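Colleague: Let me begin by handing over the structure; questions about it come next.
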Amino acid sequence: MELEKIYYDNKIVKAFIIATVIFGIVGMTVGLLAAIQLFYPIFNFDLPYTSFGRIRPLHTNAVIFAFVGNAMFAGVYYSMQRLLKTRMFSDGLSWIHFWGWQLIILAAAITLPLGFTTSKEYAELEWPIDIAITVVWVVFGWNMIGTILRRREQHMYVAIWFYIATFVTVAVLHVVNSFEIPVTFLKSYSWYAGVQDALVQWWYGHNAVAFFLTTPFLGIMYYFLPKAADRPVYSYRLSIIHFWSLIFIYIWAGPHHLLYTSLPDWAQSLGVVFSVMLIAPSWGGMLNGLFTLRGAWDRVREDAVLKFMVVAVTAYGMATLEGPLLSLKNVNAIAHFTDWIVAHVHVGGLGWNGFLIFGMFYWLVPRMWGVSLYSSKLANLHFWLGTLGIIFYALPLYVAGVMQSLMWKQFNPDGFLAYQNFLETSTRIMPFYVLRAVGGLLYLSGVFMMAYNLIKTAYAGKLIANEEAQVAPLMKVVHPTGGYWHRVLESKPVLFTVLSFVAILIGGIIEMVPTFLIKSNVPTLATVKPYTPLELHGRDIYIREGCVSCHSQMVRPFRSEVQRYDPQGGEYSKSGEYVYDHPFLWGSKRSGPDLHRLGGKYADSWHYRHMYAPGEVSVGSIMPAYPWLFDQAIDLNATAGKIAALRTLGVPYPQGYEEQANADLEKQAARIVANLKMEELNATTDSEIVALIAYLQRLGTDIKVKDITATNQ
Amino acid sequence: MYKSILQSIDNIAIWPVISFVIFFLFFCLLLWYVFTADKQFIKTMSEQPLREDDSSTPQTNQPL
């Protein structure tokens, strides 16, 4: 048979590799800054742009979408061309994808420090950027499906299935979770409210982990690990089961982020059951990866590429066992809201994603530039620094998480909380935060080393921009029939894509539809009223400053939490209290106390002083100061737009209320200003601090209004 | 509480049964396929990443 000469595009892979390394360094440096801020609040620099609440989403977005995202594209573009024996469908689309993605990252790097955020974790970017993400993602998918259709292999290798599932699912997740109503150019309100918003957000959040951080990297593992070990995958049969069971089950697991919250019990239980089931496919995949090295273990001793990959796959195994265990309600009761979760995600992020990326790059760069690696010694040193970094990062946080949680729950023999002051539980874990930052620093230094090593390697060779290959043209496809239905499927990419789509839709629909449609899932409380215009402005400031990064608004139904957060009222959080919360602000981490029952707890003047200098009001506090709230004024022109947008979403503001809103706002602000005046504190009625105080004083107070009549209870 | 919510949906009892049957059948079929699949085909597929260039390896796209 005549062989065709084709050329694989390495230039686009190079571009994604460079972007990965640059954004890896940037994202991790920002992470290190955030880690240091947690024990030296002075590193918040008293500036809005560098305060923890704005830096934290910058870090998570940078490492997830810029570092891991670019690496994913590098791996996909390299492996897909070779597995399908064709150049990418369109070089033009490849470059639109590349530059589009980098522009989105740039937009994120500008808007997040400026405080433009939806506050929904890993989906913080505002609506115009959401639209850009959708467009660029479609370009990526178009290019990918086009390439698959032009393939010279009849059957798609398992890595390609994982790439298809990634494309389809991320598209669905992003679109559904980003339904929001624009208020201004860079401000929007989530379409969903309260419990429903929480369910959609964590369906998205968990599956972002599944389909952005896991499935593409499983595809990468199934390609690059056999390449590096120079032997085929241990069991191709296992990989087929791995794929289908993983995508079927993963999509259901989201509600495990909301255990003991106001989410209906049945949805919580579904999340738990499917999370536990996830152990099977995850470990199947891990074992498949590790066993691929059978007979090559001696090489793991020398080869840095294999070392990185072995630890990556092991970290995947650890994180995917830990995840289901954390989903058990009794374990979750201890771990949720603590640093244990932070440790868990970093075992996944630093270990699984990071190490797989490093292994892949140490393998790729010498091949693409046609030289050997500049220094294996340096690569090995990177491996050890990285491994130590992960250990120093995770272990202290495990201790800190468990310790703090037990302190939150500790009662003394008289039946009172042993550590009544939340701050006491924070200051105890400071040494562990320092150790964690050391771990992060070790890991980051390894990345610098890799950057140096890869640059030296590249300069020693020359990029093989268009790599030549001799391939056989695809013969007329003869579809096998009968018992080989899956084999047929492997040769029909469009049908395969549709089936993956159906598989991931089922879980989402079954969990969401009842929560949305059945009113009794969210019992309404007659006393819960929409926010006043001033409180609305305050809430938007709360969102802008990223308060949700450190403060939850969800008192779980535990005696220890009710006693800590609402000792007088004794009320845990009810789903009906959040019906006007667009978006929900339940939070996922308590670096500071829960705020859902904060309203009325302290005087206005306390909040004023506290926001100005938290460390002076609560000695030892790690909260950043917010001096700019005292100088900046709220935009009264925006009030009407906010009210109208929320009314569209179903918040019952009377028709025409926009006209009167600012007058009401002034009245409420004047009361707060008068309160402050009594303690000789000065503020203008339109200052941001006054709006924020109004919101904080409102939090969780509706339920305390006398004569509560619960309907549908 | 959740029981009463679910009961309010028409013919709810059939939903979990249908879902279970679909899941169960799919995975049975999958297992059946995996265990009975042609050995040579599985071998060829698992070696796909190691064959980037056809000039030095056997042809792969013959009907299997």
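Going down the list, the protein sequences come from chains A and B. Using my numbering, you'd call the opening residue of the first sequence number 6 and step up by one each time. Using my numbering, you'd call the opening residue of the second sequence number 101 and step up by one each time. Ideal Cβ positions, reconstructed from N, Cα and C, are used throughout, including at glycine. The structure displayed is predicted, hence computed values, not measured ones.
1. May I have a chain-ordered list of the alpha helix (DSSP H) segments no shorter than 4 residues that lie completely inside the stretch 114-183 of chain A?
2. How would you call TRP166/A, buried or exposed, if buried means at least 16 neighbouring beta carbons within 10 angstroms?
3. Kindly indicate which three-state DSSP category THR189/A falls into: helix, strand or coil?
4. Would you list the residues sitting across from TYR12/A in a DSSP beta bridge?
5. Determine, for TRP288/A, whether the minimum Cβ-Cβ distance to residues of chain B falls below 8 Å.
6. Quick one: residues in its chain with C-beta nearer than 6 Å to the C-beta of PHE394/A, no 5 flanking neighbours on either side, listed in chain order?
7. Determine the chain B residues that contact LEU88/A at a beta-carbon separation under 8 Å, and present them in chain order.
8. For chain A, is any of its Cβ atoms less than 8 Å away from the one on ILE142/B?
9. Output the distance between the C-alpha atoms of ALA668/A and SER692/A, rounded to the nearest integer angstrom.
10. So, helix, strand or coil for THR714/A, using DSSP?
11. Please list the terminal residues of the continuous alpha helix (DSSP H) segment that includes LYS334/A.
12. Looking at C-beta atoms only, is the number of pairs between the stretch 573-582 of chain A and the stretch 267-276 of chain A that lie closer than 8 Å three or more?
13. Excluding the 5 residues flanking THR189/A on each side, which residues of the same chain have their C-beta closer than 8 Å to its C-beta?
14. With 9 Å as the limit, tell me which residues of the stretch 117-140 of chain B have their beta carbon closer than that to any beta carbon of chain A; keep them in chain order.
15. Which whole runs of the alpha helix (DSSP H) in the stretch 44-100 of chain A are 4 residues long or more, in chain order?
16. Where DSSP assigns a beta bridge to TYR735/A, which residues make up the other side?
17. Who are SER692/A's beta bridge partners in DSSP?
18. Assuming the contact rule is C-beta atoms closer than 8 Å, GLN206/A and ASN182/A should be a hit. Round their C-beta distance to whole Å, please.
19. DSSP three-state call for LEU479/A: helix, strand or coil?
20. Nearest-angstrom Cα distance between ALA618/A and ILE546/A?
21. Enumerate in chain order the residues of its own chain whose CB-to-CB distance from LEU440/A is below 7 Å, with the five nearest sequence positions on each side excluded.
22. Against ILE246/A, what residues of chain B qualify as contacts under a CB-to-CB distance less than 9 Å, listed in chain order?
23. For MET559/A, is the classification buried or exposed, using 16 other Cβ atoms within 10 angstroms of its Cβ as the cut-off for buried?
24. Bridge partners for PHE416/A per DSSP, in chain order?
25. Using the C-alpha atoms, what's the distance from PHE127/B back to ALA137/B?
26. By alpha-carbon positions, which one of PHE506/A, ILE245/A, LEU704/A ends up nearest to LYS606/A?
27. Our contact map puts ILE648/A next to TYR662/A with C-beta atoms below 8 Å; I'd like the distance itself, whole angstroms only.
28. Out of GLY80/A, GLU131/A, SER195/A, LEU52/A, state which residue places its alpha-carbon closest to the alpha-carbon of ASN66/A.
29. Applying the criterion that 16 or more other CB atoms from any shown protein chain within 10 Å of the CB defines a buried residue, is LYS382/A buried or exposed?
30. Just to make sure I have the definition right: I need the residues of chain B whose C-beta is within less than 7 Å of the C-beta of HIS160/A. Which are they?
31. Assign LYS497/A to one of three DSSP states: helix, strand, or coil.
32. In whole angstroms, give me the CA-to-CA distance for ALA114/A and SER195/A.
33. How about PRO588/A and LYS125/A: are their beta carbons less than 8 Å apart?
34. Output, in chain order, the set of chain B residues within a Cβ distance shorter than 9 Å of HIS491/A.
35. Which residue comes first and which comes last in the alpha helix (DSSP H) that contains GLU663/A?
36. DSSP beta-bridge partners for LYS709/A?
Modeller: This is what the structure holds:
1. 132-154, 163-182
2. buried
3. strand
4. GLU473/A
5. no
6. First, the residue type needs correcting, since residue 394/A is Gly and not Phe in the sequence shown. Here the set comprises GLY444, LEU447, TYR448.
7. GLN148, PRO149
8. yes
9. 15 Å
10. Low confidence applies here, because THR714/A scores a pLDDT of 47, under 50, leaving its location unreliable; read the following figure in that light. It is coil, neither helix nor strand.
11. 334-340
12. yes
13. ALA643, GLY646
14. SER119, ILE122, PHE123, PHE126, PHE127, LEU129, LEU130, LEU131, TRP132, TYR133, VAL134, PHE135, THR136, ALA137, ASP138
15. 57-66, 74-88
16. In the structure displayed, chain A extends from 6 to 718; residue 735/A sits before or after that span and is not available.
17. ALA638/A
18. 6 Å
19. coil
20. 17 Å
21. PHE397, PRO401
22. PHE127, LEU130, LEU131, VAL134
23. buried
24. LEU422/A
25. 15 Å
26. LEU704/A
27. 6 Å
28. GLU131/A
29. exposed
30. MET145
31. coil
32. 22 Å
33. yes
34. LEU129, LEU130, TYR133, VAL134, ALA137
35. 662-683
36. Answer is none; LYS709/A lacks a bridge partner.
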